[in-house]
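Those letters in the sequence shown? Residues 1 to 306, by full-length UniProt numbering.
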Amino acid sequence: MKLRQLEYFHEVIEQDFNISAAAKRLYTSQPGVSRQLIELADELGVELFLHEGKRLVGLTRAGMEIAEIAARMLIDVRRIHEIGRSLATDRHDCLKVVANRHAAHNLLHHAMVDFREMMPGIEVDVSEENTLQATAMLRIGQADLGLLAEAPDQDPDLLYFPIEEWRLLLVVPREHPLAGLPTVGLEDLAHYSVGSYDNAAQSRFVIDEAFAGAGLHSPVNISFASSHMILQFVNSKIGIAIVAESAFSADDYPELLGLDVTHLFRPLTTDLVLPRRTSPPRDVFNFLSILAPQITPTTIGEAIDS
């Protein structure tokens, strides 16, 4: 039995047995509510509702007894949450975001500016972490939402919503031999010293994956913590580099050239990641309305139910 099932059961009763109204209150779908109620009844082995055709019109005797216990349980759960909020003073009026390097640099800035205008009293705390550490923080409640490069293995305690697709770019000095090729191949790159992100970055996994698939050893032999450091490495003519496409601007680096390698490396996805719970805090929804308006309360509710 899941707490979510009891919450749905209780809300249907509160909404005069109107499943559609309950679904709206729970930010989920009507089929999702119905499925949870069926699973609860199947697990308990009793009918919970009285029916007139397809309509729910009341509770069975067993349903009445269970409804009374469920209501008390949900009150206790709310009290537990209130105790936690009152003790966790460091979390008051603070939205905690954890992000990979790429997402922190490319997605968060404008969203944070707009959010501060919308909610000036809410502090936004951003931690830049690798995917493994960020996942752990989300799972144990140290972060409210994450912006992470696609995870090789998705954690069942978290919800994942793709919000951005991005590509890698080869950056070389303008006079480099590769700049004169009509198309760059993996074999061409294998002859040079290549700089890129460290081993914890998902983009590095994509690079190594492409070379391994072609039976070649990855030429990436210098790792950096940031795109800026990688581009400085190329600007110093020490080697060439593979970076996120959005990290390179020809205006900022007029001596360098960006070469298309979308035929060599698959696209990467940035995921919005949330703890799997009945409903995120309101501040999270407000932030998402700016950052990723396509991720609605209904979208999240359906993902929770799936």
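Where is the CB? At the ideal position from N, CA and C, for every residue including glycine.
**Asked** Which runs of the beta strand (DSSP E), 3 residues or longer, sit entirely within the region 265 to 294?
**Response** Correct list: 268 to 275.
**Asked** Start and end of the beta strand (DSSP E) containing Arg-55?
**Response** Bounds of the beta strand (DSSP E) holding Arg-55 are 55 to 59.
**Prompt:** Exposed or buried, Val-12, counting other C-beta atoms within 10 Å across all chains shown (16 or more means buried)?
**Reply:** buried
**Prompt:** On the premise that Ser-306 lies in contact with Tyr-27, defined as a C-beta separation below 8 angstroms, what is that separation, rounded to the nearest angstrom?
**Reply:** About 14 angstroms separates the two Cβ atoms, so there is no contact after all.
**Asked** What is the rounded straight-line gap between the Cα of Ser-64 and the Cα of Glu-7?
**Response** The residue asked about is misnamed: residue 64 is Met in this sequence, not Ser. Spanning the two alpha carbons is a distance of roughly 15 angstroms.
**Request:** With DSSP collapsed to three states, give me the class of Val-46.
**Result:** coil
**7 angstroms Cβ cutoff met for Leu-59 and Ala-67** = yes
**Asked** Roughly how far, in whole angstroms, is the beta-carbon of Gly-258 from the beta-carbon of Phe-224, given that I think they are within contact range, below 8 angstroms?
**Response** With a Cβ gap of about 17 angstroms, Gly-258 and Phe-224 do not count as contacting.
**Request:** Return the CA-CA distance between Glu-175 and Thr-270, expressed in angstroms with no decimal places.
**Result:** 33 angstroms
**Request:** Would you tell me roughly how many angstroms separate the C-alpha atoms of Ser-86 and Gly-141, rounded to the nearest one?
**Result:** Below a pLDDT of 50, predicted positions are generally treated as unreliable, and Ser-86, at 49, falls in that range; the measurement from the model is reported next regardless. Near 15 angstroms, if we compare the C-alpha coordinates of Gly-141 and Ser-86.
**Burial state of Thr-183, where buried means 16 or more other Cβ atoms lie within 10 Å** = Exposure of Thr-183 is indicated by the presence of fewer than 16 other C-beta atoms within 10 angstroms of its C-beta.
**Message:** Report the CB separation of Pro-173 from Lys-96 in whole angstroms; it is logged as a contact under 8 angstroms.
**Reply:** Taking C-beta atoms under 8 angstroms as the contact rule, Pro-173 and Lys-96 fail to qualify, at a distance of about 41 angstroms.
**Item:** Buried or exposed (CB count within 10 angstroms, at least 16 for buried), Leu-3
**Value:** exposed
**Message:** Do Phe-17 and Ala-70 have their beta-carbon atoms positioned less than 7 angstroms apart in this structure?
**Reply:** no
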